[in-house]
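So the sequence shown is numbered by our numbering: it starts at 20 and just counts up by one. Glycine residues also receive a C-beta, built at the ideal position from the N, C-alpha and C atoms. Model, not experiment: these values are computed from the prediction.
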Amino acid sequence: MFNKDFLWGCATSAFQVEGAYNEDGKGLSLADIRSLNINPAEEPTKALANVGDKIADSKVASDHYHRWEEDVELMKECGLKSYRFSIAWTRIFPNGDDENANEAGVLFYDNLINKLNEYGIEPIVTLYHFDFPNGLQEKYGGWSDRQSINDFDRYASYLFEHFKGRVRYWLVNNEQNAMIRRDGYLGIKETNILKREQIRHRCNHHMFVACAKAIASCHRIDPEAKIAPVMAYAPHYPLTGKPEDVLAARNVNDLYFHYMIEIHCRGEYPGYYLRWLTENNWLPEITDEDKAILKNGICDFYAFNYYRSNAAVACPKDVPIEEVEKFRVDARSRMLPGLCKCTANTYVKESSLNKWRIDPIGLHIAFRNVYELCHMPLMICENGFGAPDTLESNLQIHDDYRIEYLKEHIEQIHEAILDGIPVIGYHVWTFMDVVSTSEGFRKRYGLVYVDRDEKGGNLNRYKKDSFYWYKNVIATNGESILEK
Ligand code: BG6
């Protein structure tokens, strides 16, 4: 049984849904720049080549900035209990550290949050979802400089003060562990591979300290609010029973995911992570003040995004650094020499629609792994199925594949609840179609179709079959799934 207060919700992020990327005083973010493909040479991944003018970018996105009222009416109709979205830092402080907040930007979120509150939809607000201000990047190099810690805390504190009593759940940052693998989101231009990796780890550390500092500010400013970071989580299984492969899977899980939980929930870097950084000459400066901030900024619950699982095998020590770098962003084949190499799990079926190896049981495993480390209430902030949808001539969208995916994953949440794990909410990625970070509008996630593609489109909204299905799940508090 799902608790009666269970937060059945949906999620989006600012740069993927709002559009109006330079309207009403908004400044440019690194996510805008990456999406607009201004500097494709900085992140020459195959996926990025698909983004930009060829599909659709953050200039217009889903035009939520202008159509938010229509969107919230649809959320009400669907019966959402919560809506997870992000605030664009550059709408509030266009350059990241402006003396005064941008009134028009603040007003947009005032209106949105007030309407959600009026409709009884819990606003769950991410402070930072990949969209660091370009102004600060140009001024001092973004997260690679310590100043970013104070600037983030100032921005976060402004929001805690302003929305005190109106926002009860805050999410600090989205998928820091995915972000540090993507140089476009960090604005890294260094060409030397070793130095580049050192910068990534410095950015990572500054983000951890900024996160802890913002959590402490939230506790001070609005003690009633709850706050947590959001991690990208994909459990990795050993491909075989060989001890070397079992250890390799453990290494992936620890070095990509679990170390974060230890820092966020215990306020300390775990030994295996410090060893890995030190042995590779990547250890950033960690001051006594940093250590105290980390200890003082423990989150209230833990949040993660889950899409699929993966497998791992042992990896030789002598893989050339160029090879490692080549597969850095690709979760299906990345490697850490001497420690682990990711590989496809052939025991998990591959979807013909999007080539994902879909693993609902992996979500149950994820809950057990995460809870074991944090012993805090857990929230799923993203789970969804990305695929091209077909808008039929009668304006219907029959996305039974998405319904199947969501159903199978919600069943596994129930399994975790039966295990005694306090799961407080689940958010489908996404409510309406948004610009996918890797494939623009070619890959859709929404319960609501947005008429937009590389040729344009009228941006009209159409409810997909999954919209009606989820509406019923919420109305029956999950019973419609469990009783079958
Ligand atoms: C998550 C991100 O990692 O994956 C989202 O938080 C993103 O912003 C989602 O959209 C799906 O990935 P993609 O590349 O299909 O958009």
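Looking at residue j and residue i, is the spacing between their C-beta atoms short of 9 Å?
{"i": "ALA330", "j": "TYR256", "result": "yes"}
{"i": "PRO248", "j": "VAL191", "result": "yes"}
{"i": "SER555", "j": "GLN35", "result": "The first residue shown for the chain is 20 and the last is 503, placing residue 555 beyond what the model contains."}
{"i": "TRP301", "j": "ALA30", "result": "no"}
{"i": "TYR436", "j": "ASN22", "result": "Here the sequence assigns Ile to residue 436, which means Tyr is not the residue at that position. Against a cut-off of 9 Å, the Cβ pair of ASN22 and ILE436 comes out as a contact."}
{"i": "ILE140", "j": "GLY28", "result": "yes"}
{"i": "HIS85", "j": "GLY38", "result": "yes"}
{"i": "LYS134", "j": "LEU26", "result": "no"}
{"i": "SER176", "j": "SER105", "result": "no"}
{"i": "TYR159", "j": "GLN166", "result": "yes"}
{"i": "LEU205", "j": "ILE340", "result": "no"}
{"i": "ARG103", "j": "TYR128", "result": "no"}
{"i": "PRO152", "j": "LEU55", "result": "no"}
{"i": "VAL228", "j": "ASP337", "result": "no"}
{"i": "TYR275", "j": "ASN196", "result": "yes"}
If you drop the 5 nearest sequence neighbours on each side, which residues of the same chain put their C-beta closer than 6 Å to that of residue i?
{"i": "LYS360", "result": "VAL332, CYS334, MET354"}
{"i": "VAL367", "result": "ARG376, ASP378"}
{"i": "PHE346", "result": "SER352, ARG353"}
{"i": "TYR489", "result": "LEU466"}
{"i": "TYR464", "result": "GLY403, GLY405, TRP448, THR449"}
{"i": "THR64", "result": "Note on THR64: pLDDT 41, under 50, position unreliable in the model; no value is reported."}
{"i": "ILE384", "result": "PRO254"}
{"i": "TYR138", "result": "LYS95"}
{"i": "ASN496", "result": "PHE21"}
Take residue i and list the residues in its own chain whose beta-carbon comes closer than 7 Å to its own, dropping the five residues that flank it on each side.
{"i": "VAL389", "result": "TYR252, ILE280, TYR321, PHE323, LEU397"}
{"i": "TYR40", "result": "ASP51, SER77, LYS78"}
{"i": "LYS232", "result": "ILE168, ASP172, ILE312, GLY316"}
{"i": "LEU372", "result": "ALA406, TYR420"}
{"i": "LEU93", "result": "VAL467, ARG480"}
{"i": "LEU501", "result": "HIS433"}
{"i": "GLY44", "result": "PRO113, ASN121, ALA123, GLY124"}
{"i": "LYS245", "result": "ARG187, TYR188, ASP319, PHE320"}
{"i": "GLU342", "result": "none"}
Please look up how many angstroms separate the CB atoms of residue i and residue j, rounded, as I've assumed it's under 8 Å.
{"i": "TYR147", "j": "ASN193", "result": "7 Å"}
{"i": "PHE179", "j": "ILE234", "result": "So it is not a contact: roughly 10 Å between Cβ atoms."}
{"i": "ASP117", "j": "ASP170", "result": "In fact, because the Cβ distance is near 10 Å, the residues do not count as touching under 8 Å."}
What first and last residue would you give for the alpha helix (DSSP H) that runs through residue i?
{"i": "TRP488", "result": "484–494"}
{"i": "GLY154", "result": "153–159"}
{"i": "LEU501", "result": "498–501"}
{"i": "GLY203", "result": "202–205"}
{"i": "VAL271", "result": "262–271"}
{"i": "ILE436", "result": "419–437"}
{"i": "CYS284", "result": "278–285"}
{"i": "ILE143", "result": "Note, ILE143: premise wrong, no alpha helix (DSSP H); beta strand (DSSP E) at 141–147."}
{"i": "VAL125", "result": "122–137"}
Grab me the residues of residue i's own chain with a C-beta within less than 8 Å of its C-beta, minus the 5 sequence neighbours each way, in chain order.
{"i": "LYS73", "result": "No answer about LYS73 holds up, because its pLDDT of 49 lies below 50 and its placement is not dependable."}
{"i": "ARG285", "result": "ILE317"}
{"i": "ILE207", "result": "GLU61, SER163, ARG215, ILE218, ARG219, CYS222"}
{"i": "ASN402", "result": "ASN324, TYR325, TYR326, LEU382, LEU425, HIS428, TYR445, HIS446, VAL447, TRP448"}
{"i": "ASP264", "result": "PRO257, LEU258, ALA331, VAL332, ALA333"}
{"i": "ILE132", "result": "PRO142, VAL144, PHE182, ARG185, VAL186"}
{"i": "SER499", "result": "ASN491, VAL492"}
{"i": "GLU411", "result": "HIS417"}
{"i": "LEU392", "result": "HIS277, ILE280, GLU281, CYS284"}
If you follow the beta strand (DSSP E) that residue i is part of, which residue opens it and which one closes it?
{"i": "HIS446", "result": "442–448"}
{"i": "LEU397", "result": "397–402"}
{"i": "MET451", "result": "Neither: MET451 is in no beta strand (DSSP E) and is coded neither H nor E."}
{"i": "ALA247", "result": "245–251"}
{"i": "ARG173", "result": "Premise fails: ARG173 lies in the alpha helix (DSSP H), 166–181, not in any beta strand (DSSP E)."}
{"i": "PRO379", "result": "Segment 379–393 is the alpha helix (DSSP H) holding PRO379; no beta strand (DSSP E) there."}
{"i": "TYR9", "result": "Since the first residue of the chain shown is 20 and the last is 503, residue 9 is not available in this structure."}
{"i": "ASN315", "result": "No beta strand (DSSP E) holds ASN315; the alpha helix (DSSP H) holding it covers 307–315."}
{"i": "VAL191", "result": "188–193"}
*Do the segment 213–224 and the segment 261–273 touch if we need at least three Cβ pairs shorter than 8 Å?*
Short answer: they don't touch.
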